[in-house]
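Mind the numbering: the sequence shown is residues 1 to 1144 in UniProt numbering, read in order.
Ideal Cβ placement from N, Cα and C applies to all residues, glycine included.
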Amino acid sequence: MPPEDIIPPISDEPPSSIIRGEVVDPLIRAHIYSLCTALGGASTDEQGTYTLGDDALACLKDLRRWLKLYDEKLNRYDVARCLSESNLVKGDLLEILAMWKEEHTNVKPKHRLAVACLELLAPLTWPFDKHNDQMTVNHHRHIPVLRHAQAGYKKAIVQHRSGKILKDIIRAGLPAMAMPAFDRGLRDEGVIKLVLYTLRNIAIIEHPAPHENDTGEEMNRSATINAYADQNVFDLLLTIASGVADDFRAHDTVVMEVVYHLLKGLDVESVFRTEKQENEKRGNDLTMLLKMEDDMKRKNASGKSTRHHRFGTTIWMERTDGTRSFVSGQGALLGKSTGLEKLDNTKKWKKPRGADIKGVSKKTDFDMSVTLDVTAKQNIRQFVEDFVDSSFNPLFLAIRKAIDRDVERLLDMHVRQYFYLVAWFLEAERVRRRIAAKERKEKGLPTAADDSFGVVATVLNQEFLVCLHRKMTEWFDLKQWTELQAGMRCFTQILYTVQDMALSPIEDDQEIAENIQNRLFYEEATMDLMYNICRSYTKQPFRWLEDCIEMVHVHLKLLEKYSQQHEHMFVRSRQRQTKKRNEKAKELGEDASREENDDELRAASKRAVVERSFDFKKFEAKYLNQNCINTFISYLGFYKELNESQVMRAIKMLHRIFEKRKMEVLLYRIDLVDLLYQMMQGSQAMPRSHPAYKQVDQFAKHFLRKLFKKLEAEPTMYVELLFTKLNSTVHYLQYGEEKEVHISRPRAAAELQVKPSANMSHSEQIGVAVAALLDDNNSSDVEWLKDVLKKAVNERKMWEDEAAACQLEAPPSEDPAPPAPPPPEIIIGPSTDARKKAIFKDAHLRLLLKLVGAEPGDANETPDTKWLFPSPLSSTLLEEHLTALQKHANDPPVYEDGVTAADLLARKNTRRTRDALSSESDASSSDDDAENPFAPGGPTARKSTAEKEKKRGSRKGRPQVELEDELLSELQREKREKRRAAEKARLARIKSELYVRGSDDEDDEERDRLFFERERDIRAMGPRQINDPAAGKQKGRRRSSFDVEMEEAAPMRKKRRKNGRKSIFDAEESDVVVVSDDDDDEGSSASATPAPKMRRSSAVVVVSDDDDEEEEEEEEEEEEEEEAPVRPAPRRKAVIVDSDDDEE
């Protein structure tokens, strides 16, 4: 009877037979047993042989239909339970496969019978991956029994007496595999899948509950690897993996699953150890275990049982406040601190945690550790080497492309297995190369020319790195910690591989390593992901924590080394910028209907990429927080299970924080102090033979020494030891002062104007601003401004009418009427916060507001500043603005030649007026004169040229000093004021006889004669005489001390002219100031033909080159055309040239 005729209807209620105590419905059991009996059995003629029934193939097909239509359709395991009880796999299916001889491979009846056996063997060995929320009563009843049955299936397959069951399974798929990929049909692809899934199921099955009577050694990992190696399963996997890109595209994930379940939990170092190294390792492990046993015995010797142990013991301790604490048991008397330790153990408070529903702390395949026997290690090592050499690149390239395409056959577990295997094989390749290099060194052989990293090149490119980063970010955001652990292992091994490639003697490997580092350390998102993973540790398993610590350690180490090698390092940071969504007025239906939803906003958002310089210290500072420190302290808490390198990773990070970054206060925690005490002097302290004991001891002593000094200097730290350090208090605790927080004041949008070259009227300018807003889809702002203007017009009209009425009603008077008070200002109130932000940040809206007469209420505008219509605006003018606004809003202007409104706008060059600058300059000049009582040149009575100086100060009408003031920063301005003060102090110390003589007002003809004679000599010399030392020698004239100085300076002037065009006037200061008279114009101009042009200002002569002046004029003309602010010329200084013969 077919199964369709007896399948009961789907119901939540169990069958009546189950209620009576039956495990499976008897009717179903009877049908299954009858089919198994008809399939075949032991031969009556030949003992030990199997004989097929008359219709064995049909029986196999009926059993397959029962499994498919009953168990799978009804989500039950009744048929599988019956087949396990009837011993179908061991007694029938394996015997049928064993009867299939190699010469009958291409015989269709035999082949069809073998394929039918596989169609039953694959579902019967399929792993149970049901979650607790998917389990039913039927599942809980059958799955434990079926797990033991599957263990029996695997044991029978691996240890079958024929020793060729796996070979027969492979032979069933050989005809389909031998066909070209384009000639295969659906049945051929199905047969290949049956073979591969059966091999995968056998690799997955493990003993569910090993015990002393059934350890499961016959079916453990070593037995599986040896059976796969002996029966050519490894050869099949290598063949399919190497040709996955061409002939087996749909079977890449299945092959990867088989390899994953063979390698998971294996230690790479142990796989590649030789037999000699393995024996040494076992000897060392045995020695360490024996030593640990002796230490345990020694500790327990003092507390061993005696005849007094039958008596109880109670100890009490009295505190200073009179309270007592009690400790019971004789264990409190074993040592000086045992009583206190026992008391502390009773005081420990464990924070209650809720049920781990998500399974964060649940151990996974990554936490298991599997040991292999010698034969299995040799077999798996040979398979790994062959796989890396021939199949690594094709298989993992195909799967990476499948991940990028997100194909349907790819499941989440496949992505996790993919990155786990990449990490495993990368580590295996590194270990293999290290062993090979050691062997070559012992034999004295050179490095092979073809010994490159090309065998793993498919995971050392940009595409793979992008895929890895995308998946790790996705898993971190979704808090899928197991998948993230696979990504962390993969990323760590890539960093190790890159480090080895950088040290390779092959130049190509070095270039590839440099390129990979450039790409890895160019993305800021990747570096931030490392930090975020480190600070996210809560209660994940120990292996997850170990992978996290190793990844962070290696990443920081390589990044620091890379930043030291590259002086100028840049990174690319991505910031998500969402399109501005304007608030729509609720009263306008058309605007409300056009409001964008969240999906449209996410679709319209774009990535803004910013490239900036990278500072390793700033990035390292991200790890200086309590979450990251908690991660490392939690890892160090497993010190009894860590080896030397693992302990040093945590100690080096703590040393980096404590010593390099000088953030000692972050580590001043009572839990760290207690941990270091337990590691060094506790009852379970690290043995002195531990390789990392010395380093940990040095760090602990250094840490405690600084801590005690800090506690002695600041007793308040005793309280801070008990609490977590907040970011707001860390700086104060470390440096004793509050951290300065610089808050940047928001800046308003740039002020725009309609280009003057457009020659537009005021109404047309309003049209340009309206068109610019409409082009930005900000029509709601225009409508809002219309309403504001309407209200303003009405309010101003009412005030004007009221003022006119009051003036008419006033009684006539001979006295002139007092002026009418100005109208009040009209405040513009934004309706929403978005509108308020737009008024501050939207340059087009601000331009339109100013064109209609509005202005900000405060010169120093902030986002909260109110805009208003000032008092001088009349209702008529406001109404004109409203009319123009309505006109252009209803009929937006269109410009020719594709010109947009934005093209007609330009930034407004805001400059201070000439009068204001001149008045400020005069005020500053008068202040300077008042502060400088001893001005150079003496109290000579001359005509003031201050007006000329004022006009000549700047061609732009901007005095040079004021231009400098605008461009200087606060620090530069402060330094300049200090220089000015020092200059004034120096000038104040000048004690010239022109000022200190008491007879200045007295007439002295001899003194006047000498003075004017000296002035005539100076005038007669001129610039030419200054440049020529011989010109100073005048016949019939007495040489003055000034002439002597000029002659002495002549060789130096010649030397300077050889080096450049500058003369003595063109030293560091560009101008020379000499004391002269107003009547010396003719003499100076006559003798200064080849000399630079002389410009006189009051009592100073400013010397400048004509060429420089022309260049400055050309530069200023170009700046005027570009409408850019003028950069002021450097301020000219003066050299005081004074003669020493005043007293002659």
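In DSSP terms, what residue i is bridged to
| i | result |
| --- | --- |
| residue 325 | 317 |
| residue 670 | In the DSSP output, where bridge partners are listed per residue, residue 670 has none listed. |
| residue 573 | 610 |
| residue 867 | 828 and 856 |
| residue 1176 | Because the chain in this structure spans residues 1 to 1144, residue 1176 falls outside the shown range and cannot be described. |
| residue 754 | 905 |
| residue 1212 | Residue coverage of the chain in this structure runs from 1 to 1144, which leaves residue 1212 outside it and unanswerable. |
| residue 503 | Bridge partners of residue 503: none, in fact. |
| residue 523 | 572 |
Residue environment, residue i, which counts as buried when at least 16 other CB atoms sit within 10 Å
| i | result |
| --- | --- |
| residue 703 | buried |
| residue 119 | buried |
| residue 806 | exposed |
| residue 735 | exposed |
| residue 112 | exposed |
| residue 750 | exposed |
| residue 258 | buried |
| residue 773 | buried |
| residue 856 | buried |
| residue 732 | exposed |
| residue 642 | buried |
| residue 513 | buried |
| residue 127 | exposed |
| residue 173 | buried |
| residue 400 | buried |
| residue 686 | buried |
| residue 387 | buried |
| residue 200 | buried |
| residue 517 | buried |
| residue 421 | buried |
| residue 540 | buried |
Own chain residues within Cβ distance below 6 Å of residue i, not counting five before or after
| i | result |
| --- | --- |
| residue 580 | Since pLDDT at residue 580 reaches only 42, below the 50 mark, its modelled position is unreliable, and the value read off the structure follows with that caveat. Hits under 6 Å: none found. |
| residue 261 | 203 and 204 |
| residue 771 | 892, 893 and 901 |
| residue 1123 | Per-residue confidence for residue 1123 stands at a pLDDT of 42, beneath the threshold of 50, marking its modelled position as unreliable; no derived number is given. |
| residue 327 | 315, 339, 342 and 343 |
| residue 51 | 40 and 43 |
Rounded Cβ spacing between residue i and residue j (contact assumed at less than 8 Å)
| i | j | result |
| --- | --- | --- |
| residue 242 | residue 391 | 5 Å |
| residue 272 | residue 432 | 6 Å |
| residue 488 | residue 551 | 5 Å |
| residue 492 | residue 412 | Not quite, the Cβ-Cβ distance comes to about 21 Å (not below 8 Å), so this is no contact. |
| residue 427 | residue 268 | 5 Å |
| residue 878 | residue 796 | 6 Å |
| residue 571 | residue 612 | 7 Å |
| residue 133 | residue 181 | Rounded, the Cβ-Cβ distance is 41 Å, inconsistent with contact. |
| residue 640 | residue 684 | 7 Å |
Residues near residue i in its chain [Cβ-Cβ closer than 8 Å; skip 5 each side]
| i | result |
| --- | --- |
| residue 746 | 840, 862 and 863 |
| residue 721 | 668, 669, 670 and 673 |
| residue 766 | 848, 851, 852, 881, 884, 885 and 888 |
Residues near residue i by beta carbon distance below 7 Å, same chain, minus five either side
| i | result |
| --- | --- |
| residue 947 | Its pLDDT being 45, under 50, residue 947 is placed unreliably by the model, and the measurement read from it follows with that caveat. Answer for residue 947: no residue qualifies. |
| residue 711 | 717 and 718 |
Can you find at least 3 beta carbon pairs, one from the segment 766–785 and one from the segment 838–852, that sit closer than 8 Å? Counting C-beta pairs with one atom in each stretch, the segment 766–785 and the segment 838–852 have three or more that are closer than 8 Å, which means they touch.
If you pair each beta-carbon of the segment 479–487 with each one of the segment 406–423, do three or more pairs fall below 8 Å? yes
Kindly confirm or deny that the segment 77–91 and the segment 99–114 touch, where touching means at least three C-beta pairs closer than 8 Å. Contact between the segment 77–91 and the segment 99–114 is absent: fewer than three C-beta pairs spanning the two stretches fall below 8 Å.
When you compare the segment 62–76 with the segment 41–48, are there three or more beta-carbon pairs, one atom per stretch, that lie closer than 8 Å? no
Pairing CB atoms from the segment 241–255 with CB atoms from the segment 389–404, are three or more of them under 8 Å? yes
How do the segment 494–507 and the segment 529–549 stand: do at least 3 beta-carbon pairs fall below 8 Å, yes or no? no
Check whether the segment 205–216 and the segment 151–161 touch, using three or more Cβ-Cβ pairs below 8 Å as the test. yes
Taking three-plus beta-carbon pairs below 8 Å as touching, is the segment 222–236 in contact with the segment 371–387? yes
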